[in-house]
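J.: Sharing a structure below in structure tokens format, with a few things to ask.
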Amino acid sequence: MAFEKLGSFFGINDEEDFDEKKPETQPRQENYANNEKVVSMSTASEARTKPNSKIAIYQPRVYSDAKVIAKQLLNNKAVIVNFTNVNDQQSKRIVDFLTGAIYAINGEIKRVGDKIFLCTPPKFEIDGSIPDINE
Numbered sequence: 001m002a003f004e005k006l007g008s009f010f011g012i013n014d015e016e017d018f019d020e021k022k023p024e025t026q027p028r029q030e031n032y033a034n035n036e037k038v039v040s041m042s043t044a045s046e047a048r049t050k051p052n053s054k055i056a057i058y059q060p061r062v063y064s065d066a067k068v069i070a071k072q073l074l075n076n077k078a079v080i081v082n083f084t085n086v087n088d089q090q091s092k093r094i095v096d097f098l099t100g101a102i103y104a105i106n107g108e109i110k111r112v113g114d115k116i117f118l119c120t121p122p123k124f125e126i127d128g129s130i131p132d133i134n135e
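Just so we're aligned: the sequence shown equals residues 1 to 135 in UniProt numbering.
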């Protein structure tokens, strides 16, 4: 009984309802969270700096590099492949492999230079063409 009186005197009694006496602990800016016009500065700056899609650039040297390029396509990244450091027979084998991988994922491959190809996953769209290469 003496401890209860002492506890209530110092405000540490378990029987009291502390919800009414709690000070507001939330910062003022959180009170505006429901207002659609207020945007966090970090979110706004990240939206401007983070690209939605990425394009990888590869210059294969051996046939096994085709596997690395195909993994990029499976991760929904477009890939520009430059075959200047590979002989013609190796580049044909790599293009054949990539064509199969692109077919499997419903992507697209397009020649954009003498020895440069653009490989894209299904959600990318290639617009335009280079007439000199297609002839």
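C-beta: ideal position from N, C-alpha, C; glycine also.
Just so it is clear, the structure is predicted and the values come from calculations on it, not from any experiment.
Residue ranges of each beta strand (DSSP E) run of no fewer than 3 residues wholly in the stretch 68-97, ordered along the chain?
T.: Whole beta strand (DSSP E) segments, 3+ residues: 78-82.
J.: How many angstroms separate the CA atom of GLN90 from the CA atom of GLY100?
T.: For the purposes of this step, residue 90 is taken as residue 90 along the sequence shown, with counting starting at 1. For the purposes of this step, residue 100 is taken as residue 100 along the sequence shown, with counting starting at 1. Distance between the alpha carbons of GLN90 and GLY100: 16 Å.
J.: Just the C-alpha distance for TYR58 and GLY128, rounded to the nearest angstrom, thanks.
T.: In the sequence shown, counting from the first residue as 1, residue 58 sits at position 58. In the sequence shown, counting from the first residue as 1, residue 128 sits at position 128. Distance between the alpha carbons of TYR58 and GLY128 is about 22 Å.
J.: Using a Cβ-Cβ cut-off of 6 Å (strictly less than) and excluding sequence neighbours within five positions of PHE124, which residues of its own chain qualify?
T.: The count along the sequence shown starts at 1 and reaches residue 124 at position 124. Cβ within range, chain order: ALA78.
J.: Quickly, what does DSSP pair GLU125 with across the bridge? List them, please.
T.: As a working note, residue 125 is residue 125 in the sequence shown. GLU125 pairs with nothing; no bridge assigned.
J.: Quick one: is ALA104 buried, meaning 16 or more other Cβ sit within 10 Å of its Cβ, or exposed?
T.: Taking the sequence shown and counting its residues from 1, one reaches residue 104 at position 104. Exposed is the call here.
J.: In the DSSP assignment, find the beta strand (DSSP E) that holds LYS115 and state where it starts and stops.
T.: The residue you call residue 115 lines up with position 115 of the sequence shown. Unbroken run through LYS115: none, as it is neither H nor E.
J.: Suppose the cutoff is 7 Å on Cβ atoms and the five residues either side in sequence are ignored; what does the same chain contact list for GLU108 look like?
T.: Mapped onto the sequence shown, residue 108 falls at position 108. Only ILE102, THR120, ILE126 meet the Cβ criterion.
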